[in-house]
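*Asks:*
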Amino acid sequence: GDRVILARGYESDDVVKLGPLKVGVVGEVVEVLDGPEPLKVLANGELWHYERGALVREGQEQEPISLHPGARVDASNARLGLLVVRGKDWRPGRGDQDGGAGNVGVVMDVDDIPEGLVGVQWPPSSAARRYSAGDDGQYELQIAPGYMEPTLPPGTLVSATNAKLGLLVERGRDWHRGNDDGGPGSVGVIVSLVDDRLVVNVFWPSVRTEADHRVGMHGKYDLQVASPDASQRAKAASSLASAQVQHKTPRACPLDVGDRVILAHGYESDEAVKLGPLKEGVVGEVVEVLDGPQPLKVLANGELWHYERGALVREGQEQPREAEYKGSPG
């Protein structure tokens, strides 16, 4: 008889996503059984079994979102600027693309967190990649040792002494870059520190670009600490930018190792692509990302094939109407 909702963090669980309970949906426990998923729940006219930890009573105060070092990164705590390291489910195929075990990265893209994915940049590299934060039941990241949420007052000039990875910023006193940030009020995140910390590199979600900004060079300060609602504003701006961007524009976080992919619309009839293993209705997996014009090495139906980035989309991703790239064997 208890009325229940999903517990925080379970929105992105692959098994739970198949069931009737979603964010904002209330169900009713109709039976309690034995076994690993003992709670039989009726929601939206459908019966589903859940483990006990997946549900809380409607109106019950939930445990605070875990931001302590070592906590896994999932839908409950992923946020712009979060500092992370590789976690328990780090995929072997990724190797040391994070710069090695213990190297700290910055979460700079949370658009895909409903699908259990987050984008991370690993300084000093400028490469941004997506990682599982619940996708396929995997959690590749955990919060970095010593992580603490920034406490600088909004409006504080960002300088060599207070600039830190993950700090959320907006244009400041000496801003001179026009609308490179996306316009007044846009929020960015510091993703790397350079030139003895007199310059920082900032990712601007509203325009999905990075740029260097002064934090003391020549006595100039381009940035200030963003206001408390900055993370929400940045997420909204990033989502809007993603919706507006044309399909031929590279995303900050492209396809990566482990992604399940299908052909983009229009490729089924391409003569070169027809020679490969991906056909309409066939799903492949990216097993390696290389350099060059056809960097995506895909395994499908037991066969390996190389494709350009634009030839593929993630399984389940909304597709554009046309495609512009080709695939080739390898």
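Position 310 of the sequence shown, counting from 1, maps to 788 under the numbering used here, and the rest follow consecutively.
The beta carbon of each residue, even a glycine, is placed where N, CA and C say it ideally should be.
1) I'd like the list of long-range same chain contacts for K698, defined as Cβ closer than 7 Å, with 5 residues on each side in sequence excluded.
2) For G565, count neighbouring Cβ atoms within 10 angstroms of its own Cβ and tell me buried if that reaches 16, exposed if not.
3) Do the CB positions of V519 and G633 come within less than 9 Å of each other?
4) Taking all protein chains shown into account, decide if V588 is buried (16 or more other Cβ within 10 angstroms of its Cβ) or exposed.
5) So the beta strand (DSSP E) K518 belongs to, where does it begin and stop?
6) Quick one: Cα of G644 to Cα of G666, how far?
7) Leaving out five residues on either side along the sequence, give the residues of the same chain with a beta carbon under 6 Å from the beta carbon of P662.
8) Helix, strand or coil for A622 per DSSP?
9) Ordered along the chain, which non-local residues of its own chain (more than five positions away) have a Cβ less than 6 Å from that of P755?
10) Is it buried or exposed for L753, if we count other Cβ within 10 angstroms and need 16 for buried?
11) Could you compute how far the alpha carbon of V735 sits from the alpha carbon of E766?
12) Judging by CA-CA distance, which residue of G513, V510, E515, E536 is the nearest neighbour of L484?
13) Between which two residues does the beta strand (DSSP E) carrying R655 extend?
14) Buried or exposed for D574, please, with buried defined as at least 16 other CB atoms from any protein chain shown within 10 angstroms of its CB.
15) According to DSSP, is D690 part of a helix, a strand, or is it coil?
16) Would DSSP call K775 helix, strand or coil?
17) Between which two residues does the beta strand (DSSP E) harbouring N555 extend?
18) By the three-class DSSP mapping on this structure, what secondary structure does G697 have?
19) Select from G523, H527, N522 the residue whose C-alpha is nearest the C-alpha of P516.
20) What does a CB cutoff of less than 6 Å around E758 pick up in its chain, not counting 5 residues either side in sequence?
21) Per DSSP, S610 is paired with what?
22) Which class does V751 belong to by DSSP, given the choice of helix, strand or coil?
23) Below 8 Å on the Cβ atoms is my guess for V672 versus D690; work out the distance and round it to an integer in Å.
24) At which residues does the beta strand (DSSP E) containing V739 begin and terminate?
25) Could you round the C-beta distance between V584 and L619 to whole angstroms and report it? I think they count as a contact, below 8 Å.
26) Where do the ends of the beta strand (DSSP E) carrying W783 lie?
27) By DSSP's criteria, Y617 is part of a beta bridge. Which residues make up the other side?
28) If you drop the 5 nearest sequence neighbours on each side, which residues of the same chain put their C-beta closer than 8 Å to that of E763?
29) Thinking C-beta only, is G502 closer than 9 Å to N473?
30) Can you find the residues in the same chain that come closer than 7 Å, C-beta to C-beta, to V493, ignoring five residues on each side of it along the sequence?
31) Are there 16 or more other CB atoms within 10 angstroms of the CB of M586, so buried, or fewer, so exposed?
32) Out of A789, V760, K500, H696, which one is the CA nearest neighbour of A742?
*Replies:* This is what the structure holds:
1) Locating residue 698 in the sequence shown gives position 220, counting from the first residue. Taken in chain order, the residues that qualify are D652, R692.
2) Counting from 1 along the sequence shown, the entry for residue 565 is found at position 87. So G565 ends up on the buried side.
3) Residue 519 sits at position 41 when you count from the first residue of the sequence shown. Residue 633 sits at position 155 when you count from the first residue of the sequence shown. No.
4) In the sequence shown, residue 588 corresponds to position 110, counting from 1. That one is buried.
5) Here residue 518 corresponds to residue number 40 of the sequence shown, with the count starting at 1. Annotation: the continuous beta strand (DSSP E) that includes K518 extends over 517-521.
6) Counted from its first residue, the sequence shown places residue 644 at position 166. Counted from its first residue, the sequence shown places residue 666 at position 188. Rounded to the nearest angstrom, the two C-alpha atoms are 9 Å apart.
7) The residue given as residue 662 occupies position 184 in the sequence shown. If we look at P662 and ignore the five residues flanking it on each side, it has no Cβ neighbours.
8) Within the sequence shown, residue 622 is the residue found at index 144, counting from 1. Coil at A622, not helix or strand.
9) As a position in the sequence shown, residue 755 is number 277, starting the count at 1. In chain order, A778, N779, E781, W783 place their CB closer than 6 Å to the CB of P755, counting only its own chain and leaving out the 5 sequence neighbours on each side.
10) On the sequence shown, position 275 is the one that residue 753 refers to. L753 is exposed by the Cβ-count criterion.
11) Position 257 of the sequence shown, counted from the start, is the residue given in the question as residue 735. Position 288 of the sequence shown, counted from the start, is the residue given in the question as residue 766. If I take the Cα positions, the gap works out to 6 Å.
12) On the sequence shown, residue 484 is found 6 positions in, with the first residue counted as 1. For L484, the nearest C-alpha among the options comes from E536.
13) On the sequence shown, position 177 is the one that residue 655 refers to. From DSSP, R655 is part of no beta strand (DSSP E); its letter is neither H nor E.
14) For the purposes of this step, residue 574 is taken as the residue at position 96 of the sequence shown. Exposed, since its Cβ has fewer than 16 Cβ neighbours within 10 Å.
15) Translated into positions along the sequence shown, residue 690 becomes position 212. In this structure, D690 counts as strand in the three-state DSSP scheme.
16) As a working mapping, residue 775 is identified with position 297 in the sequence shown. Note: K775 maps to strand in three-state DSSP.
17) Translated into positions along the sequence shown, residue 555 becomes position 77. Counting along the chain, N555 falls outside any beta strand (DSSP E), and DSSP gives it neither H nor E.
18) Sequence index remark: in the sequence shown, residue 697 carries index 219 (1-based). In the structure shown, G697 sits in a helix (DSSP, three-state: H, G or I).
19) Within the sequence shown, numbered from 1, the residue matching residue 516 stands at position 38. Checked all of G523, H527, N522; the closest Cα to P516 is H527.
20) Here residue 758 is taken as the residue at index 280 of the sequence shown, counted from 1. Correct list, in chain order: E746.
21) To locate residue 610, count along the sequence shown from 1; it is residue 132. Note: S610 sits in a beta bridge opposite L595.
22) Working through the sequence shown from its first residue, we reach residue 751 at position 273. The answer is helix: DSSP assigns V751 an H, G or I state.
23) Along the sequence shown, read from residue 1 onward, the residue named residue 672 stands at position 194. Along the sequence shown, read from residue 1 onward, the residue named residue 690 stands at position 212. About 7 Å; that satisfies the 8 Å criterion.
24) Your numbering for residue 739 matches position 261 in the sequence shown. Counting along the chain, the beta strand (DSSP E) containing V739 begins and ends at 738-741.
25) By 1-based counting over the sequence shown, the position of residue 584 is 106. By 1-based counting over the sequence shown, the position of residue 619 is 141. 11 Å between Cβ atoms; not a contact.
26) Within the sequence shown, the letter at position 305 stands for residue 783. Unbroken beta strand (DSSP E) run through W783: 781-785.
27) To locate residue 617, count along the sequence shown from 1; it is residue 139. Answer is A611.
28) On the sequence shown, residue 763 is found 285 positions in, with the first residue counted as 1. Cβ neighbours of E763 within its own chain (closer than 8 Å, five residues either side excluded): G736, D737, R738, V739, V776, L777, A778.
29) Because the chain is modelled from 479 through 808, residue 473 falls outside the range shown and cannot be assessed.
30) As a working note, residue 493 is residue 15 in the sequence shown. There are no such residues.
31) Mapped onto the sequence shown, residue 586 falls at position 108. Per the 10 Å Cβ criterion, buried.
32) By one-based count along the sequence shown, residue 742 stands at place 264. Check the Cα spacing between A742 and each of A789, V760, K500, H696: the tightest is with A789.
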